[in-house]
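Protein chains in written order, with the numbering used here: chain A, 1 to 544; chain B, 1 to 544. All residues carry an ideal CB built from backbone N, CA and C; glycine is no exception.
Protein chains: 2
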Amino acid sequence: MLPIEQVYEKIGVKAEHMEFYGRYKAKVDDSLYEELKNKPDGKLVLVTAINPTPAGEGKTTTTIGLSQALNKLGKKSAVALREPSLGPCMGVKGGATGGGYSQVVPMEDINLHFTGDIHAITCANNVLSSIIDNHIQQGNALKIDTRRVTWKRALDLNDRALRNVIVGLGGKQNGFAREESFQITVASEIMAIVCLCDDLKDLKKRLGRIIIGYNTENKQITAKDLKADGAMAALLKDAIKPNLVQTLENTPAVIHGGPFANIAHGCNSIRATRLALKLCDITVTEAGFGADLGAEKFFDIKCRIAGLKPDAAVLVATVRALKYNGGIARDNLSIPDVEAVRKGFVNLRKHIENLQKYKVPVVVALNAFTSDSEDEISFIREECAKAGATFALSEVWAKGGEGGLELAQKVLETLETKTSAFKPLYENDLNIEEKIETVCKQIYGASKINYDAKAAAEIKRLNKTSMRKLPVCIAKTQYSLSDDPSLLGRPEGFTVTVREARPSAGAGFIVVLLGDIMTMPGLPKQPAAEVIDIDENGNIIGLF
Amino acid sequence: MLPIEQVYEKIGVKAEHMEFYGRYKAKVDDSLYEELKNKPDGKLVLVTAINPTPAGEGKTTTTIGLSQALNKLGKKSAVALREPSLGPCMGVKGGATGGGYSQVVPMEDINLHFTGDIHAITCANNVLSSIIDNHIQQGNALKIDTRRVTWKRALDLNDRALRNVIVGLGGKQNGFAREESFQITVASEIMAIVCLCDDLKDLKKRLGRIIIGYNTENKQITAKDLKADGAMAALLKDAIKPNLVQTLENTPAVIHGGPFANIAHGCNSIRATRLALKLCDITVTEAGFGADLGAEKFFDIKCRIAGLKPDAAVLVATVRALKYNGGIARDNLSIPDVEAVRKGFVNLRKHIENLQKYKVPVVVALNAFTSDSEDEISFIREECAKAGATFALSEVWAKGGEGGLELAQKVLETLETKTSAFKPLYENDLNIEEKIETVCKQIYGASKINYDAKAAAEIKRLNKTSMRKLPVCIAKTQYSLSDDPSLLGRPEGFTVTVREARPSAGAGFIVVLLGDIMTMPGLPKQPAAEVIDIDENGNIIGLF
Numbered sequence: 001m002l003p004i005e006q007v008y009e010k011i012g013v014k015a016e017h018m019e020f021y022g023r024y025k026a027k028v029d030d031s032l033y034e035e036l037k038n039k040p041d042g043k044l045v046l047v048t049a050i051n052p053t054p055a056g057e058g059k060t061t062t063t064i065g066l067s068q069a070l071n072k073l074g075k076k077s078a079v080a081l082r083e084p085s086l087g088p089c090m091g092v093k094g095g096a097t098g099g100g101y102s103q104v105v106p107m108e109d110i111n112l113h114f115t116g117d118i119h120a121i122t123c124a125n126n127v128l129s130s131i132i133d134n135h136i137q138q139g140n141a142l143k144i145d146t147r148r149v150t151w152k153r154a155l156d157l158n159d160r161a162l163r164n165v166i167v168g169l170g171g172k173q174n175g176f177a178r179e180e181s182f183q184i185t186v187a188s189e190i191m192a193i194v195c196l197c198d199d200l201k202d203l204k205k206r207l208g209r210i211i212i213g214y215n216t217e218n219k220q221i222t223a224k225d226l227k228a229d230g231a232m233a234a235l236l237k238d239a240i241k242p243n244l245v246q247t248l249e250n251t252p253a254v255i256h257g258g259p260f261a262n263i264a265h266g267c268n269s270i271r272a273t274r275l276a277l278k279l280c281d282i283t284v285t286e287a288g289f290g291a292d293l294g295a296e297k298f299f300d301i302k303c304r305i306a307g308l309k310p311d312a313a314v315l316v317a318t319v320r321a322l323k324y325n326g327g328i329a330r331d332n333l334s335i336p337d338v339e340a341v342r343k344g345f346v347n348l349r350k351h352i353e354n355l356q357k358y359k360v361p362v363v364v365a366l367n368a369f370t371s372d373s374e375d376e377i378s379f380i381r382e383e384c385a386k387a388g389a390t391f392a393l394s395e396v397w398a399k400g401g402e403g404g405l406e407l408a409q410k411v412l413e414t415l416e417t418k419t420s421a422f423k424p425l426y427e428n429d430l431n432i433e434e435k436i437e438t439v440c441k442q443i444y445g446a447s448k449i450n451y452d453a454k455a456a457a458e459i460k461r462l463n464k465t466s467m468r469k470l471p472v473c474i475a476k477t478q479y480s481l482s483d484d485p486s487l488l489g490r491p492e493g494f495t496v497t498v499r500e501a502r503p504s505a506g507a508g509f510i511v512v513l514l515g516d517i518m519t520m521p522g523l524p525k526q527p528a529a530e531v532i533d534i535d536e537n538g539n540i541i542g543l544f
Numbered sequence: 001m002l003p004i005e006q007v008y009e010k011i012g013v014k015a016e017h018m019e020f021y022g023r024y025k026a027k028v029d030d031s032l033y034e035e036l037k038n039k040p041d042g043k044l045v046l047v048t049a050i051n052p053t054p055a056g057e058g059k060t061t062t063t064i065g066l067s068q069a070l071n072k073l074g075k076k077s078a079v080a081l082r083e084p085s086l087g088p089c090m091g092v093k094g095g096a097t098g099g100g101y102s103q104v105v106p107m108e109d110i111n112l113h114f115t116g117d118i119h120a121i122t123c124a125n126n127v128l129s130s131i132i133d134n135h136i137q138q139g140n141a142l143k144i145d146t147r148r149v150t151w152k153r154a155l156d157l158n159d160r161a162l163r164n165v166i167v168g169l170g171g172k173q174n175g176f177a178r179e180e181s182f183q184i185t186v187a188s189e190i191m192a193i194v195c196l197c198d199d200l201k202d203l204k205k206r207l208g209r210i211i212i213g214y215n216t217e218n219k220q221i222t223a224k225d226l227k228a229d230g231a232m233a234a235l236l237k238d239a240i241k242p243n244l245v246q247t248l249e250n251t252p253a254v255i256h257g258g259p260f261a262n263i264a265h266g267c268n269s270i271r272a273t274r275l276a277l278k279l280c281d282i283t284v285t286e287a288g289f290g291a292d293l294g295a296e297k298f299f300d301i302k303c304r305i306a307g308l309k310p311d312a313a314v315l316v317a318t319v320r321a322l323k324y325n326g327g328i329a330r331d332n333l334s335i336p337d338v339e340a341v342r343k344g345f346v347n348l349r350k351h352i353e354n355l356q357k358y359k360v361p362v363v364v365a366l367n368a369f370t371s372d373s374e375d376e377i378s379f380i381r382e383e384c385a386k387a388g389a390t391f392a393l394s395e396v397w398a399k400g401g402e403g404g405l406e407l408a409q410k411v412l413e414t415l416e417t418k419t420s421a422f423k424p425l426y427e428n429d430l431n432i433e434e435k436i437e438t439v440c441k442q443i444y445g446a447s448k449i450n451y452d453a454k455a456a457a458e459i460k461r462l463n464k465t466s467m468r469k470l471p472v473c474i475a476k477t478q479y480s481l482s483d484d485p486s487l488l489g490r491p492e493g494f495t496v497t498v499r500e501a502r503p504s505a506g507a508g509f510i511v512v513l514l515g516d517i518m519t520m521p522g523l524p525k526q527p528a529a530e531v532i533d534i535d536e537n538g539n540i541i542g543l544f
């Protein structure tokens, strides 16, 4: 690792713009963006993926490796990534800092507390909750209906026992009893707000717009009604500043914000991406889950709100995931099987088609595993060409930037020879059902959309308000293009069911739930926390 | 403010020992103490107080002002203080960074998230909780009795609705329902552990010893039984490093750890105090609440465990608090009234006598208010002399170090002419009742100690274990020497009632409750959070 100021002086960031958090982490002051804002943006490349196996397909690793390779080719490139949540880190997944020779560092710090952004969001979230319950306790001047408080408390942990709780027990001195539910902090609307705001002023405005629930007269109550917006913004003053770290090859890595990719939009902050675009020739960023969720939201929510124009999309696939989508069981994914790859390729083809609907050129990155056979790779290479996508084999896990040179070359060629005519999938002025229909039919491949009665009623109500103009943020399973995780490959002719719709008025989108979405994960039988340890010299063991 | 490295280079801390958190905050690496550990310690001065009015008597302000004044007199002096909790900051109390011209800075940062220590403790606390409930959910191999889980979740907020909750509702997938209670993070045993541990190794050992509850065979279950100690220690690796900031007069301020002063011991970390003693001629530190709670625990818990030898105690009093202890109503404390001061002086005299029991010389610091009359001050000065304590008027709020020169002179004279023969009040090998009796009779002035049946049974059980040797950490009201907040002045002949006793096996003390102790405060009708705000340029308003 290089001292962080050395990594960033190469791309013109002076130490005076940085607030250091130890030797290898820094936050960047708004003054830097102010200085650069009239400079033209560099190119923006999104890394997304096909529908994954439960083990994931190496999207973050590819993002990091590609940027490292671009630097090897003499380009100024940075990655813009999300911050990892502590929950999965203590649970099953381990960290979210890439892998092999394509990682961001210091890994332990980034995975554990980093610069405290997520903790600040937890605080701001729960201060609002405490103000809600205190308001009710102190006379309830706003007549908040305790049965209709939609704002939830949050902790950045996997903790199933907090999914359904009752708070306020114990009598008169201890509040009014009501049902409550904790979500993981990265699922908090405040995380989405931090990621979508322009600046401190916009942050405060968005925080004020948060709907905390309804009063007994069926009127929405906002955080501003409770005078909570100022304190929340004060708690988030540093959390909205992008964080600067580096990759194992000393490539700049801006890591900032980490919203869930189901009930939120799953991308790092707009502020971080904007900054990286000013600093670099090519910014490589990623979006959560597969392209049906991640890329769709990146394009239709983040790029729309921020006015970003992505120049290319890299679609990560693995031979394993193609076989999985071709119906092979998880334990047999290492056995060469071209036929299964052929069967599963329909999933990749659908994602290529989807990305092309946004008028963005597509490069498929096949993330190599030692179990891949030549035949399997050749088949994929040929089929990608037929689908109109460039293909590259990526070995960034095993070889770092060196293993990403083919991919970087293909990306550079694409940026030089193909023009992005990026356009979101739908216009703001469609109504909410029309937006839902557009995404479900065009991206997922659904034939029909059903609405549960409650969802239909809420959508009807929202269509009569200014929230009609907001984009939709659809939450569904990541394992299928449909709302049924068992439908692998390229399902067609299916019906999706809209179970619920709710406004995230601060974030600026309408959350649409297809199925039950878990916003508070649980720990597995053998949690990662049991093996995480630290020795006397401060070396952490068991984080990966 | 000076850049933090400039403040500390004056006392021999090189930048290489520091991990910077922005320009004005740093954590200090263990390597510094390693280098210094054979150097003789400087002098240690404790600042404590008489029983306060609900507004507080300016103990932190006096601590900071005294240190600033000592620097003005050419001494190398630092303050060692506690970290403020967010709860009171959002609630009624405002920040905890001193006042007037005797403050530590950057005030907003120290009061809000500082370097994240308290957030790390919240996480470690709640990871343990999630592991407990997950263990029960995944088969409960240790047979944890869900009715006897004593470990509580924590948040660093004032939130009465979390005092009594039920978690684990919602059926099979969501855990086993059980009663739970959140406490404010600064009341967590982990905060006490962070403050009492020697190093990372000792931290992990103490975390492992935490008793989380009992199994169906009435056996204690520890954090180590759940393999949670390693992950918790990893989460706390930076939180145990002392934080370096400065006062308004650029005096070094080591601010680290902030345990409650009732169910915990109410002092900053041992590691911070040890470090300051190596760096300075005179370290000025404080302990929470009045001397009956704060000084007693500082001496009998912190100094005992750390092997520290305090050289003097400064006892802060105000004319207002003496009148309050003399029976004057809160609204009339500004009216000159020597007779009321005379009546209330018994409280100050008792605290002087108490401090003398530890064989430590006492300096009374009268924290000046504009409403104080000459007659009142003269009376106190004369009575202090009769009680064998040095007296100094302190004007550090209005004048900073300049206003503390008289106090600093008196403290220096005391250190030069009087020898501390410090000794804790009781020996380790008394049994638990004997320890309780010693503190209650000698410090509080009680005549008799009653035990509720449950407390008596638990003490009997603890006396048969190795925990018999631990010091007691008594929780009671701060407003009276007794366990009844309405008994002001110097109550005598009273009976105290021990309601509960519980081992804090990780921290290394037995918590003894006299009365109901609130470990999760609530917000007031007009919470400070409503007025806290931030402008577009990042200036915070309403924090004080």
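Between glutamine 138(B) and chain A, the shortest Cβ-Cβ separation is below 8 Å.
Contact with chain A is found for valine 127(B), since one of that chain's Cβ atoms lies less than 8 Å from the residue's Cβ. Threonine 216(A) counts as exposed, since fewer than 16 other C-beta atoms from the protein chains shown sit within 10 angstroms of its C-beta.
Looking at the backbone, the Cα of leucine 415(B) and that of methionine 232(B) are separated by about 41 Å. Scanning Gly139(B), Ala192(B), His135(B), His17(B) for the CA closest to the CA of arginine 82(B) turns up Ala192(B).
Per DSSP, the continuous alpha helix (DSSP H) segment holding cysteine 195(B) begins and ends at 189-196.
Counting along the chain, the unbroken beta strand (DSSP E) around glutamine 220(B) starts and ends at 220-222.
Here the alpha carbons of threonine 390(B) and lysine 227(A) stand approximately 49 Å from one another. Within 10 angstroms of the beta-carbon of threonine 115(B) lie 16 or more other beta-carbons, which makes it buried. Classified as buried, leucine 315(B) has 16 or more neighbouring CB atoms from the shown chains inside 10 Å of its CB.
Put simply, the CB of glycine 22(A) is near chain B, with a gap under 8 Å to one of its CB atoms.
When the alpha-carbon of isoleucine 432(A) is set against those of Lys448(A), Lys418(A), Leu470(A), the nearest one is in Leu470(A).
In the three-state reduction of the DSSP assignment, cysteine 280(B) falls in the coil class.
The criterion of a C-beta distance shorter than 8 Å is satisfied by serine 77(B) and isoleucine 282(B). Under a criterion of Cβ atoms nearer than 9 Å, no residue of chain B is adjacent to valine 28(A); the nearest Cβ is some 12 Å distant. For valine 165(B), the residues of chain A that pass the 7 Å Cβ criterion are Val165, Ile166, Val167, Leu169, in the order they occur in the chain.
Nearest to serine 269(A) by alpha-carbon distance, out of Gly388(A), Ala234(A), Ala306(A), is Ala306(A). Looking at the backbone, the Cα of alanine 55(A) and that of leucine 412(A) are separated by about 30 Å. For cysteine 384(A), the enclosing alpha helix (DSSP H) begins and ends at 374-386. Contact annotation, asparagine 262(A) with isoleucine 449(A): C-beta distance approximately 18 Å; criterion of less than 8 Å not satisfied. The C-alpha of isoleucine 534(A) lies about 27 Å from the C-alpha of lysine 278(B). Taken through DSSP and simplified to helix, strand or coil, arginine 148(B) comes out as strand. Residue nearest to leucine 523(A) within the set Leu36(B), Lys75(B), Leu128(B) is Leu128(B) (criterion: CA-CA distance). Within the same chain, Cβ atoms closer than 6 Å to the Cβ of glycine 326(B) are found at Ala340, Lys343, Gly344, the five residues on either side in sequence being excluded.
At a cut-off of 8 Å between C-beta atoms, leucine 275(A) does not count as an interface residue with respect to chain B. A Cβ of chain B is located within less than 8 Å of the beta carbon of cysteine 123(A). Taking C-beta separations shorter than 6 Å and ignoring five residues to either side along the sequence, the partners of threonine 63(A) in its chain run Val47, Val79, Val284, Glu286, following chain order. With the criterion set as a beta carbon lying under 9 Å from some beta carbon of chain B, the stretch 423-447 of chain A has no members that meet it. Arginine 304(A) sits in a helix when the DSSP states are folded into three classes.
Going by beta carbons, leucine 203(A) and isoleucine 4(A) fall outside the 8 Å limit. Here lysine 357(A) has Leu425, Gln442 as same chain residues with Cβ atoms under 7 Å from its own Cβ, once five neighbours each way along the sequence are excluded.
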